[in-house]
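Peer 1: Using our numbering, you'd call the opening residue of the sequence shown number 131 and step up by one each time. Think of the CB as a built atom: it goes at the ideal place given N, C-alpha and C, for glycine as much as any other residue. Keep in mind the model is a prediction, meaning the values are calculated, not measured.
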Amino acid sequence: MTATPSFQAYNDLFHSLYNELCNYANTFLNDDDAAEDVVQETFIKLWQKHREIIGIPNIKAYLFRAVRNNSISALRRRNAEETGNKAYEWVVDVSEEPDALEKQNAKPYYEQLIYEAIANLPPQCREVFTCCRLQGMTHQQTAVKLGLSAKTVENYMGRALKILRKYLGEYGLPAGLLFLLKIC
Numbered sequence: 131m132t133a134t135p136s137f138q139a140y141n142d143l144f145h146s147l148y149n150e151l152c153n154y155a156n157t158f159l160n161d162d163d164a165a166e167d168v169v170q171e172t173f174i175k176l177w178q179k180h181r182e183i184i185g186i187p188n189i190k191a192y193l194f195r196a197v198r199n200n201s202i203s204a205l206r207r208r209n210a211e212e213t214g215n216k217a218y219e220w221v222v223d224v225s226e227e228p229d230a231l232e233k234q235n236a237k238p239y240y241e242q243l244i245y246e247a248i249a250n251l252p253p254q255c256r257e258v259f260t261c262c263r264l265q266g267m268t269h270q271q272t273a274v275k276l277g278l279s280a281k282t283v284e285n286y287m288g289r290a291l292k293i294l295r296k297y298l299g300e301y302g303l304p305a306g307l308l309f310l311l312k313i314c
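In structure tokens:
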């Protein structure tokens with residue numbers, strides 16, 4: 131096998147372009163080992179289909195394009211893995227349930243922030259939010275009490291929740307906190 135002309139041409143091509151292609155792949159990946167892996171995989175694929183590509187007029191340009199494409203694919207895989215790892219870390223962090231003492235100590239702080247957020251709502255939004263969430267009234271009951279249409283109450287509630295989410299988000303707190311503390 132090593133005596134065939136195609137293998138000898140392949141071997142010469144490999145040795146003449148390997149370092150240059152590794153440097154080129156490294157410009158995308160910023161990782162010497164990953165760049166070498168990409169170049170080696172590219173040459174393996176080239177050998178696997180060498181009979182099909184014998185007639186390519188500029189094999190050097192073909193290899194640079196293949197290394198570029200394979201480097202981009204490697205970056206995509208790396209980004210997907212990193213995103214998956216970050217998501218896993220987030221799930222692990224979230225899944226660690228705080229103990230009862232931590233919850234009890236944090237509750238007054240969270241309640242204070244929520245009541246501050248509610249106090250900072252525009253007057254009509256605050257009144258609608260208070261009726262619907264703190265007093266447990268339906269949108270229809272709130273509409274009758276305040277002399278508004280049910281659709282207007284719904285709009286005020288949407289606006290109030292949006293403002294509250296933004297306010298709590300500034301403190302790094304999830305909007306779901308409004309429902310977990312049982313003050314809403």
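Can you find the residues in the same chain that come closer than 8 angstroms, C-beta to C-beta, to Thr-172, ignoring five residues on each side of it along the sequence?
Peer 2: Leu-151, Leu-193, Ala-196, Val-197, Asn-200.
Peer 1: Under 7 angstroms Cβ to Cβ from Leu-143, same chain only, skipping five residues before and after it: list those, please.
Peer 2: The answer, listed in chain order, is Ile-189.
Peer 1: Just mark Val-274 as buried or exposed, buried being the case when its beta carbon has 16 or more other beta carbons within 10 Å.
Peer 2: Exposed: under 16 other Cβ atoms inside 10 Å.
Peer 1: So for Thr-288, helix, strand or coil by DSSP?
Peer 2: Correcting the residue type first, residue 288 is Gly in the shown sequence and not Thr. It is helical.
Peer 1: Thinking Ala-280 and Phe-259 are a contact (beta carbons under 8 angstroms), I'd like their distance in whole angstroms, please.
Peer 2: No, Ala-280 and Phe-259 are not in contact; Cβ-Cβ is about 15 angstroms, not under 8 angstroms.
Peer 1: Taking the continuous alpha helix (DSSP H) assigned at Asp-161, which residues delimit it?
Peer 2: Run containing Asp-161: none; DSSP gives neither H nor E here.
Peer 1: Going straight from the alpha carbon of Ile-174 to that of Glu-211, what length do you get?
Peer 2: So the alpha carbons of these two residues sit roughly 24 angstroms apart.
Peer 1: Which residues in the same chain have their Cβ closer than 7 angstroms to the Cβ of Asp-162, if we skip the five residues on either side of it in sequence?
Peer 2: Contacts found: Asn-156.
Peer 1: If you reduce the DSSP assignment to three classes, tell me which class Leu-251 lands in.
Peer 2: Looking at Leu-251 - three-state DSSP - the assignment turns out to be coil, as it is neither helix nor strand.
Peer 1: Where Arg-262 and Glu-300 are concerned, what is the direct C-alpha to C-alpha distance, given to the nearest angstrom?
Peer 2: Correcting the residue identity first, residue 262 is Cys in this sequence and not Arg. Going from the Cα of Cys-262 to the Cα of Glu-300 covers about 24 angstroms.
Peer 1: For the alpha helix (DSSP H) containing Gln-265, name the first residue and the last one.
Peer 2: Neither: Gln-265 is in no alpha helix (DSSP H) and is coded neither H nor E.
Peer 1: According to DSSP, simplified to helix, strand and coil, what is Glu-166?
Peer 2: Helix at Glu-166.
Peer 1: Where does Glu-212 fall in DSSP's three states?
Peer 2: Looking at Glu-212 - three-state DSSP - the assignment turns out to be helix.
Peer 1: Keeping to the same chain, check which residues put their C-beta closer than 7 angstroms to that of Gln-254; ignore five residues upstream and five downstream.
Peer 2: Around Gln-254: Tyr-286.
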